[in-house]
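Student: Below you'll find the structure I mean.
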Amino acid sequence: MLPLRTFKRQETHWWVSCLIFPTAIGLSLAICALLLKLQGKPAIQGIGLLFQGAFGSHWAIQDCLLKAIPIFLCSLGVAVAFRLQVWNIGAEGQFALGAIGATAAALQWPGLPGYALLPLMAAAALAAGGLWGFIPAVLKLRMRANEIIVTLMLNYIAILLLDYLVYGRWKDPQSFGFPMTAIFSDNAIVGRIGDTGLHWGLALCVATGGVLWLFFRFTRLGYELKASGENLGAARYAGLPYERLLILVMLLSGGLAGWAGFLEASATINRLQPSIMVGYGYTAIVVAWLARLNPLSIGLASFLLAALRVGVENLQLDLQVPAAFGGIMEGLILLTILAGSFFADYGWQWRRRSA
Amino acid sequence: MNGEFFIPLLAAAIQSGTPILFATLGEILTEKSGVINLGVEGMMVVGALAAFWIAQSTGAPLLAFLIAGVAGSLLAGIHGAVCLWFRGNQVVSGLALTILGTGLADFLGTPLIGQSAPGFGPVHLPTLAAIPILGPVILTQDLLVYISLLCAPLLWVFLYKTRWGLALRSAGEFPEAAAAAGLNVVAYRWLGVLAGGALAGWGGAYLSLAYTHLWTNGMSAGRGWIAVALVIFAFWRPGRAIAGAYLFGGVMALQLRLQAAGTHWPSSILLMLPYALTVVVLVLAARLERGSEAPAALGINIDPHE
């Protein structure tokens, strides 16, 4: 037995928390470099390409920002649910439903002017994503079905539903057999900000993040949510309406992921096709946990994990490394952070001689 | 009853259900020790890859199968370290393990895509195979099916008839009391995590050594998550896990046959069936449950020094 014993810290030292994050990233990068080496690729050059791809040029940083948008919205939703200790793993499916909802509106009313069509698409995405969050919430409350598994199964179902639509009834007759809808009309496409490559979805992110921050900070409902998340038992005892909060949280969580789907379909690929699903919903979970569910940190963490994706694309091009490399990094970062939190929450002291 | 349709279907149900059975038994063992591991999907694909790679390079499927168990255990060991040593959140750690495992298998397996490897085929027992129904359905399967069927009663005996099993269950039900009684709770939880990982790895091995003899990305297709759901459906009992796994195997096999037969149902809708059934089964399990059958300390980390 070691002569040391652990004890739970009353307060976390800020410098410990600051050390954990870079240590975790460094450790994950080191393991990934080792993996590259095992595959006979130049490890140091690979890590260099990762950084250069993500931050090397102004185009690269723009690309990071663009990819951070859907991750941020999904992650905000995930974090809201996690706060109430509801394990919503379903951002991926809610994202798909949002894209489907927005596409339905875009295909239905292609001639509407943009100021009417875009809000309509956003509303459809919010409703469809919200529905995909509502189902597991109701099943949890009424049927006691575990939300982790239900949200995950709904992910598979949502992706298959998307496939069904683009391979079938929504398929563009002029697509030469490719599974995709026709390209959206100009009115259904979220515009660019000035002459940059960024689109107005970025503004939507900033606004949503701000509103949520204000909501948690200043409204009664936001306070109830925070209180319930911190101590579920006490909150129920104090008579807070847990059931209503849960439904609300899952609607909001699903709706936010739905918006991410709307922006991807409208602004990024201008149509619906299976390749819209690249796992942002799962990255969002990693982001939410890295950011300790704090909206401001979620912004930063979204950017970092988007940068990882952009960097991996560069690796793919230059060293023919499979895209799965990004998944390995994400998993490793999350695991090392989880383990690292131990050092923030616990301290050591010398074991006293047993009396 | 149309024998030409149903008998091959039942045989296919068993083959399709076997990877799920291995994984479900593994997760039952892990959860009985008080640890929830949502990394089953990740451990399965890593097991599938390890098995495929070893079988291809050594030509020895049985060795490949065993190594797949070691690979599953190794990955589970990461979860064990994060949760048992560093007391990290078990739900999030399991998810991270699935992300990591899927990434690792895709990354390391990319050069192997489309290749084939030696594996297990049906055993030939001429007299037994001639028995009507039972013969073609159950007595002409491959060796791994019989191993999985053996694992279920063995797990039951271990959990309910041995001292180690009792100790492992008490680590999942009353860890403080178990520790006070002098049991090394953390060691028993390690046992549950590692042995459960080995079983999940075996489930993956079945996919690449017997179910197909190929390597493709995304081979597990959610079977690991179905296994996690089946643990609840089976009320943490090995015997019911067999029924649950074959039920899902049946739906997957039926779905494939309907696609092949060319019904007017689009394939994406048919492919939804197992996932939709998982939700139904979860709801049913909650209806049937009499009390809370989950281990009382499931998912709760313990401080070995307090």
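Protein chains in written order, with the numbering used here: chain A, 8 to 362; chain B, 426 to 731. For every residue, glycine included, the Cβ atom is placed at its ideal position computed from N, Cα and C.
(1) Checking 8 angstroms against the spacing of the C-beta atoms, do residue 164 (chain A) and residue 701 (chain B) come in under that value?
(2) Note down the Cα distance separating residue 481 (chain B) from residue 690 (chain B), rounded to an integer number of angstroms.
(3) Does the beta-carbon of residue 193 (chain A) have 16 or more other beta-carbons within 10 angstroms, so that it is buried, or is it exposed?
(4) At a Cβ threshold of 8 angstroms, is residue 521 (chain B) touching chain A?
(5) Contact between the stretch 633-650 of chain B and the stretch 460-480 of chain B is defined here as three or more beta-carbon pairs at a separation below 8 angstroms; is this criterion met?
(6) Closest to residue 439 (chain B) by C-alpha separation, out of B:569, B:533, B:429 and B:555, would be which residue?
(7) May I ask which residues mark the beginning and end of the alpha helix (DSSP H) holding residue 370 (chain A)?
(8) Decide if the stretch 125-133 of chain A is in contact with the stretch 102-113 of chain A; the criterion is three or more beta carbon pairs, one per stretch, under 8 angstroms apart.
(9) Give me the Cα-Cα distance between residue 346 (chain A) and residue 506 (chain B), rounded to the nearest whole angstrom.
(10) Residue 682 (chain B) versus chain A: which residues are under 7 angstroms apart at the beta carbon?
(11) Counting only runs of 3+ residues fully inside the stretch 622-679 of chain B, write out the beta strand (DSSP E) ranges in chain order.
(12) Would you call the CB atoms of residue 247 (chain A) and residue 235 (chain A) closer than 8 angstroms?
(13) Between residue 516 (chain B) and chain A, is the shortest Cβ-Cβ distance under 8 angstroms, so that the two count as touching?
(14) Residue 658 (chain B) to residue 198 (chain A), Cα distance in whole Å?
(15) If you reduce the DSSP assignment to three classes, tell me which class residue 170 (chain A) lands in.
(16) Taking buried to mean at least 16 other C-beta atoms within 10 Å of its own C-beta, is residue 191 (chain A) buried or exposed?
(17) Taking 8 angstroms as the CB-CB cut-off, is residue 647 (chain B) touching chain A?
(18) Assuming residue 526 (chain B) and residue 500 (chain B) are in contact, meaning their beta carbons sit under 8 angstroms apart, how far apart are those beta carbons, in whole angstroms?
(19) With a threshold of 7 angstroms (Cβ to nearest heavy atom), would residue 463 (chain B) be considered close to the ligand ZN?
(20) Identify the residues that DSSP records as bridge partners of residue 567 (chain B): which are they?
(21) Quick one, which of B:458, B:536 and B:573 has its alpha-carbon nearest residue 631 (chain B)'s?
(22) Which whole runs of the alpha helix (DSSP H) in the stretch 31-78 of chain A are 4 residues long or more, in chain order?
(23) Determine the chain A residues that contact residue 708 (chain B) at a beta-carbon separation under 8 angstroms, and present them in chain order.
(24) Can you pull the chain B residues whose beta carbon is under 8 angstroms from the beta carbon of residue 41 (chain A), in chain order?
(25) How should residue 588 (chain B) be labelled, buried or exposed, when 16 other C-beta atoms within 10 angstroms of its C-beta is the threshold for buried?
(26) Which of helix, strand or coil does DSSP assign to residue 273 (chain A)?
(27) Taking residue 635 (chain B) as the reference, give the member of B:546, B:592, B:539 and B:672 with the closest Cα.
(28) By how many angstroms is the C-alpha of residue 726 (chain B) removed from the C-alpha of residue 13 (chain A)?
(29) Please state whether DSSP places residue 206 (chain A) in a helix, a strand or coil.
(30) Could you tell me the distance, in whole angstroms, from the CA atom of residue 96 (chain A) to the CA atom of residue 585 (chain B)?
(31) Give the secondary structure of residue 182 (chain A) by DSSP, where H, G and I count as helix, E and B as strand, and everything else as coil.
(32) Quick check: residue 652 (chain B) and residue 495 (chain B), are their CB atoms within less than 8 angstroms of each other?
(33) Go ahead and label residue 483 (chain B) buried or exposed: buried means 16 or more other beta carbons lie within 10 angstroms of its beta carbon, across all protein chains shown.
(34) How many whole angstroms separate the CB atoms of residue 620 (chain B) and residue 608 (chain B), which I take to be in contact at a CB cut-off of 8 angstroms?
(35) Which value, in whole angstroms, describes the spacing of the CA atoms of residue 33 (chain A) and residue 473 (chain B)?
(36) Quick one, which residues of the stretch 666-700 of chain B are near chain A if we go by CB-CB under 7 angstroms, in chain order?
Tutor: Judging by the given coordinates:
(1) Counting from one through the first sequence, the residue named residue 164 (chain A) turns up at place 157. Counting from one through the second sequence, the residue named residue 701 (chain B) turns up at place 276. For residue 164 (chain A) and residue 701 (chain B), yes; Cβs fall inside 8 angstroms.
(2) Looking up residue 481 (chain B) in the second sequence gives position 56. Looking up residue 690 (chain B) in the second sequence gives position 265. Whole-angstrom Cα-Cα distance: 38 angstroms.
(3) Sequence index remark: in the first sequence, residue 193 (chain A) carries index 186 (1-based). That one is exposed.
(4) The residue given as residue 521 (chain B) occupies position 96 in the second sequence. Yes, contact with chain A.
(5) yes
(6) Within the second sequence, numbered from 1, the residue matching residue 439 (chain B) stands at position 14. Residue 439 (chain B) has its Cα closest to that of B:569, out of B:569, B:533, B:429 and B:555.
(7) Here chain A has residues from 8 to 362 only, and residue 370 (chain A) is not among them.
(8) yes
(9) Taking the first sequence and counting its residues from 1, one reaches residue 346 (chain A) at position 339. Taking the second sequence and counting its residues from 1, one reaches residue 506 (chain B) at position 81. Residue 346 (chain A) and residue 506 (chain B): Cα-Cα distance of roughly 8 angstroms.
(10) Against the second sequence, residue 682 (chain B) aligns to sequence position 257. Per Cβ cutoff of 7 angstroms: no residues; residue 682 (chain B) is ~18 angstroms from chain A at best.
(11) none
(12) Locating residue 247 (chain A) in the first sequence gives position 240, counting from the first residue. Locating residue 235 (chain A) in the first sequence gives position 228, counting from the first residue. Contact flag set, yes.
(13) Taking the second sequence and counting its residues from 1, one reaches residue 516 (chain B) at position 91. At least one chain A Cβ lies under 8 angstroms of residue 516 (chain B).
(14) Working through the second sequence from its first residue, we reach residue 658 (chain B) at position 233. Working through the first sequence from its first residue, we reach residue 198 (chain A) at position 191. Near 49 angstroms, if we compare the C-alpha coordinates of residue 198 (chain A) and residue 658 (chain B).
(15) Here residue 170 (chain A) is taken as the residue at index 163 of the first sequence, counted from 1. Helix.
(16) Stepping through the first sequence from its first residue, residue 191 (chain A) is reached at position 184. Classification for residue 191 (chain A): buried.
(17) For the purposes of this step, residue 647 (chain B) is taken as residue 222 along the second sequence, with counting starting at 1. Yes, residue 647 (chain B) counts as interfacial toward chain A.
(18) Taking the second sequence and counting its residues from 1, one reaches residue 526 (chain B) at position 101. Taking the second sequence and counting its residues from 1, one reaches residue 500 (chain B) at position 75. Contact holds; Cβ gap of about 6 angstroms.
(19) Only the bare structure without any ligand can be found here, which leaves the ligand ZN out of the picture.
(20) The residue given as residue 567 (chain B) occupies position 142 in the second sequence. Answer by DSSP bridge pairing, in chain order: B:547.
(21) Counting from 1 along the second sequence, the entry for residue 631 (chain B) is found at position 206. Checking every option, the nearest Cα to that of residue 631 (chain B) belongs to B:573.
(22) 50-62
(23) Position 283 of the second sequence, counted from the start, is the residue given in the question as residue 708 (chain B). Result: 146, 150 and 152.
(24) On the first sequence, position 34 is the one that residue 41 (chain A) refers to. Ordered by position in chain B, no residue passes the 8 angstroms Cβ test against residue 41 (chain A), which lies about 12 angstroms from the chain.
(25) Here residue 588 (chain B) refers to the residue found at position 163 of the second sequence. Classification of residue 588 (chain B): exposed, given that the 10 Å Cβ count is below 16.
(26) Along the first sequence, read from residue 1 onward, the residue named residue 273 (chain A) stands at position 266. Three-state DSSP puts residue 273 (chain A) in a helix.
(27) Residue mapping note: residue 635 (chain B) aligns to position 210 of the second sequence, counting from 1. Checking every option, the nearest Cα to that of residue 635 (chain B) belongs to B:546.
(28) Walking along the first sequence from the start, residue 13 (chain A) turns up at place 6. Walking along the second sequence from the start, residue 726 (chain B) turns up at place 301. When rounded, the distance between both Cα atoms is 14 angstroms.
(29) The residue given as residue 206 (chain A) occupies position 199 in the first sequence. It is a strand residue.
(30) On the first sequence, position 89 is the one that residue 96 (chain A) refers to. On the second sequence, position 160 is the one that residue 585 (chain B) refers to. Approximately 34 angstroms between the Cα atoms of the pair.
(31) The sequence position of residue 182 (chain A) within the first sequence is 175, counting from 1. In this structure, residue 182 (chain A) counts as coil in the three-state DSSP scheme.
(32) The residue you call residue 652 (chain B) lines up with position 227 of the second sequence. The residue you call residue 495 (chain B) lines up with position 70 of the second sequence. Cβ distance not < 8 angstroms, so residue 652 (chain B) and residue 495 (chain B) don't count as in contact.
(33) Position 58 of the second sequence, counted from the first residue, corresponds to residue 483 (chain B). Classification for residue 483 (chain B): exposed.
(34) Counted from its first residue, the second sequence places residue 620 (chain B) at position 195. Counted from its first residue, the second sequence places residue 608 (chain B) at position 183. Incorrect: roughly 17 angstroms between the Cβ atoms, too far for contact.
(35) Working through the first sequence from its first residue, we reach residue 33 (chain A) at position 26. Working through the second sequence from its first residue, we reach residue 473 (chain B) at position 48. If I take the Cα positions, the gap works out to 29 angstroms.
(36) 691, 693, 694, 696, 697 and 700
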